[in-house]
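Engineer: First the structure, then my questions, so here it is.
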Amino acid sequence: MTFDFKNKVVLITGAGAGLGYACALAFANAGAKVTITDISKNALDKAIVALRDTGAEVLGLLNDASDSADVNILLDAIIMRFGRLDIAVNNAGIGTPLQEFHEIGEAEFDRVIAVNLKGVWLCMQAEIRQMLKQGGGRIVNMASATSRNTYPNASSYVTSKFAVAGLTRTVAVEYAERDIRINAICPGNVATPLVVSLVEDLSVLATKHAMKRLGTPEEVANGVMFLASDLSSFSTGSLLEVDGGWNAT
Amino acid sequence: MKLNNKVVLITGAGGGIGQAAVRKFVSEGASVMLADIGTDVTQLLVDELGTEHCACVAVDVSQADQVENMVSTCVERFGGIDVFVANAGVEGTIGEIINTDVSNLDTVLAVNVRGVWLGLHYVIPVMRDGGGGSIMITSSGAGVKGSPNTACYSTSKHAVIGLMRCAALECAQYAIRVNTVNPGAVDTRMIASIEKGFADSGVDDFKGMVEATTPLGRYGQPDEIANMMVFLGSDDSSYCTGSVYMVDGGNAT
Chain A
27 MTFDFKNKVV LITGAGAGLG YACALAFANA GAKVTITDIS KNALDKAIVA
77 LRDTGAEVLG LLNDASDSAD VNILLDAIIM RFGRLDIAVN NAGIGTPLQE
127 FHEIGEAEFD RVIAVNLKGV WLCMQAEIRQ MLKQGGGRIV NMASATSRNT
177 YPNASSYVTS KFAVAGLTRT VAVEYAERDI RINAICPGNV ATPLVVSLVE
227 DLSVLATKHA MKRLGTPEEV ANGVMFLASD LSSFSTGSLL EVDGGWNAT
Chain B
349 MKLNNKVVLI TGAGGGIGQA AVRKFVSEGA SVMLADIGTD VTQLLVDELG
399 TEHCACVAVD VSQADQVENM VSTCVERFGG IDVFVANAGV EGTIGEIINT
449 DVSNLDTVLA VNVRGVWLGL HYVIPVMRDG GGGSIMITSS GAGVKGSPNT
499 ACYSTSKHAV IGLMRCAALE CAQYAIRVNT VNPGAVDTRM IASIEKGFAD
549 SGVDDFKGMV EATTPLGRYG QPDEIANMMV FLGSDDSSYC TGSVYMVDGG
599 NAT
């Protein structure tokens, strides 16, 4: 990789494993000062150790992105430690067991929306308040190929990811002239712990993509790095697909 | 470098975005075949960047025999094609449909759609036989939204998105990725021509109108489009195919 994020202060939420961890590793290898959060202490601790092996400065915090008090503490901690926040990757998200719509419990829907949508909403609000103070910043939200495509029996998840796309695009317009660029990335299926936990047969999943394979966490991280870098200086409010051709079908 | 030892074929290489892309590709380690309707501009660029990694060829992309010749010229000179940028395009005339001669539609579709189709037709077999590659088509902000007075151009730029999606699905089996890059208004000769076309149609401040509707509040620079082309041409985007990549300052939001 040739991205350079030397001394940039980067937050990645939900970075204990999967796509978030891959992003954190990519930023750490590119010279960034990395703050990671997760809701699992075990995953967080392992990620902190692995990231410090790159030589990067790492701050790790147990955090629930759907809790506004938690999110405010997170931002305070970043500013106390690093003095600013250059880049935020709002990645924390959950899936649901595949289930037909008429059988889904209300609490299940609320939980998915709380983390995947309100979590991004809360994080973006805290991040943007800081970025306005310091005069700019970059935000990349973890949307999904299902921000534009359907996925039967995953209606709560799909709803939350459609919403993240709308939120990203609208808020991007509001802050475009204040040097805060906000974009989203739309991954196809990647064999992350989240996907593996929900899907029995990954080979069937692979057939959804024109490339007939799943993506890798690194391929998603490459897209995130592109959107967070100055290479994408004319991009805001856009959705960048990394989906093996899923959305062309 | 992201494109070390890769061979890039780019049409419209003498245009504003084309020139910026050529410079980026070369700086990322690629060998580049510069194709354009003439060689006046591209030869100067080859002279500047050096004949070791650059060469140029004249092509009218709407003519099948010329496109075939362009592809074989690239293969003979550099041994294959890893990245194809179908970037040649014309803006045509500006004006309402009822005031536009059908010959303008024919011209714009011949270059912007037929030209891209022919490029795919001749490049894909070469890429397939070489083990894969990346193709990108220069669409436009006008490929995802309409605007008055630009029907021929906007139609052509919408059309290549459909073409891209079909090609992406057909080519995944050959390890060829196919995408579009969709620039908003970019500071080039073409946008100056469009500004003039609008002025002639009674719209005085096209630039101001675009800036007012573009969240980043300005035209893009050719380099900013070229950066996306490097991303899509490189292995950084190895899971990206069949998609539309906006570089438009947020205009399509």
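In the order they appear, the protein sequences are chains A and B. Residue numbering for the first sequence follows the working numbering, starting at 27 and increasing by one per position. Residue numbering for the second sequence follows the working numbering, starting at 349 and increasing by one per position. Don't be surprised by glycine CBs; every beta carbon is placed ideally from N, CA and C.
1. Do you know how far the Cα of ASP90/A is from the Cα of LYS354/B?
2. With DSSP as the reference, identify every bridge partner of LYS59/A, one or two as the case may be.
3. In chain A, which residues lie less than 7 Å from SER586/B when you measure between Cβ atoms?
4. Using the C-alpha atoms, what's the distance from GLY510/B back to GLY590/B?
5. Where ARG525/B and GLY81/A are concerned, what is the direct C-alpha to C-alpha distance, given to the nearest angstrom?
6. Determine whether the Cβ of THR601/B lies closer than 8 Å to any Cβ atom of chain A.
7. List the residues of chain A that VAL595/B touches, going by C-beta distances under 7 Å, in chain order.
8. For MET150/A, which of SER259/A, LYS67/A, ILE206/A has the nearest alpha-carbon?
9. Using a Cβ cut-off of 7 Å, which residues of the segment 193–209 of chain A contact any Cβ in chain B, in chain order?
10. Hey, is the segment 161–174 of chain A in contact with the segment 252–267 of chain A, meaning 3+ C-beta pairs nearer than 8 Å?
11. Which chain B residues are close to THR275/A, counting only those with a beta carbon under 7 Å from its beta carbon?
12. Can you tell me whether DSSP reads CYS514/B as helix, strand or coil?
13. For a test of the three-state rule: what should DSSP assign to MET27/A, helix, strand or coil?
14. If you compare alpha carbons, which of ALA378/B, ASP408/B, VAL374/B is closest to VAL456/B?
15. Less than 7 Å between C-beta atoms, sequence neighbours within five positions excluded: which residues of the same chain meet that for MET576/B?
16. Would you say the segment 555–563 of chain B touches the segment 234–249 of chain A, given that touching needs at least three Cβ pairs under 8 Å?
17. Please confirm whether MET237/A has its beta-carbon closer than 8 Å to some beta-carbon of chain B.
18. For THR562/B, name the three-state secondary structure that DSSP assigns.
19. Can you tell which of VAL438/B, VAL461/B, VAL394/B, VAL370/B has its C-alpha closest to the C-alpha of SER541/B?
20. Have a look at LYS493/B, ASP553/B, VAL370/B and flag the residue whose alpha-carbon is nearest the alpha-carbon of HIS506/B.
21. Flag GLU559/B as yes if its beta-carbon sits less than 8 Å from any beta-carbon of chain A, otherwise no.
22. Given this structure, state the Cα-to-Cα distance separating SER549/B from GLY161/A, to the nearest angstrom.
23. Can you tell me which of ALA434/B, VAL461/B, VAL380/B, ASP552/B puts its alpha carbon nearest to the alpha carbon of THR421/B?
24. Using the beta-carbon count (16 or more within 10 Å), is HIS235/A buried or exposed?
25. Keeping to the same chain, check which residues put their C-beta closer than 8 Å to that of ASN417/B; ignore five residues upstream and five downstream.
26. If we ignore side chains and look at the alpha-carbon of each, how far apart do LEU70/A and THR61/A end up?
27. Quick one: which chain A residues come within Cβ less than 7 Å of GLY568/B?
28. Mind pulling the chain A residues with CB within less than 8 Å of LYS350/B?
29. Between the beta-carbon of GLY42/A and the beta-carbon of ASN117/A, is there less than 8 Å?
30. Under 9 Å between beta-carbons, which chain A residues line up against GLY565/B? List them in chain order, please.
31. Quick one: measure Cβ to Cβ for PRO531/B and SER482/B, integer angstroms, because I've assumed they're closer than 8 Å.
32. Should THR390/B be flagged as near chain A, meaning a C-beta pair shorter than 8 Å?
33. Within 10 angstroms of its Cβ, does PHE579/B collect 16 or more other Cβ (buried), or is it exposed?
34. Cβ of ALA247/A within 8 Å of Cβ of ALA54/A?
Structural biologist: Per the coordinate set shown:
1. One C-alpha to the other measures close to 45 Å.
2. VAL35/A
3. GLU245
4. 10 Å
5. Each residue's alpha carbon lies about 35 Å from the other.
6. yes
7. Residues of chain A passing the Cβ test: PHE260, SER261.
8. ILE206/A
9. ARG195, ALA198, VAL199, ALA202, GLU203
10. yes
11. LEU517
12. Here CYS514/B sits in helix by DSSP.
13. Its pLDDT being 44, under 50, MET27/A is placed unreliably in this model, and the value from its coordinates should be taken loosely. In this structure, MET27/A counts as coil in the three-state DSSP scheme.
14. ASP408/B
15. In the same chain as MET576/B, and ignoring 5 residues on each side of it, the C-beta atoms closer than 7 Å to its own belong to VAL529, TYR593, VAL595, in chain order.
16. With a cut-off of 8 Å, the segment 234–249 of chain A and the segment 555–563 of chain B do not count as touching, because too few Cβ pairs lie within range.
17. Judged by the 8 Å Cβ criterion, MET237/A is in contact with chain B.
18. coil
19. VAL438/B
20. LYS493/B
21. no
22. As the crow flies, the alpha-carbon of SER549/B is around 40 Å from that of GLY161/A.
23. VAL380/B
24. buried
25. Here the set comprises VAL405, VAL407.
26. Near 11 Å, if we compare the C-alpha coordinates of THR61/A and LEU70/A.
27. PHE260
28. THR28
29. no
30. ALA202, GLU203
31. The Cβ separation is near 18 Å, so there is no contact.
32. no
33. When all chains shown are included, PHE579/B counts as buried.
34. no
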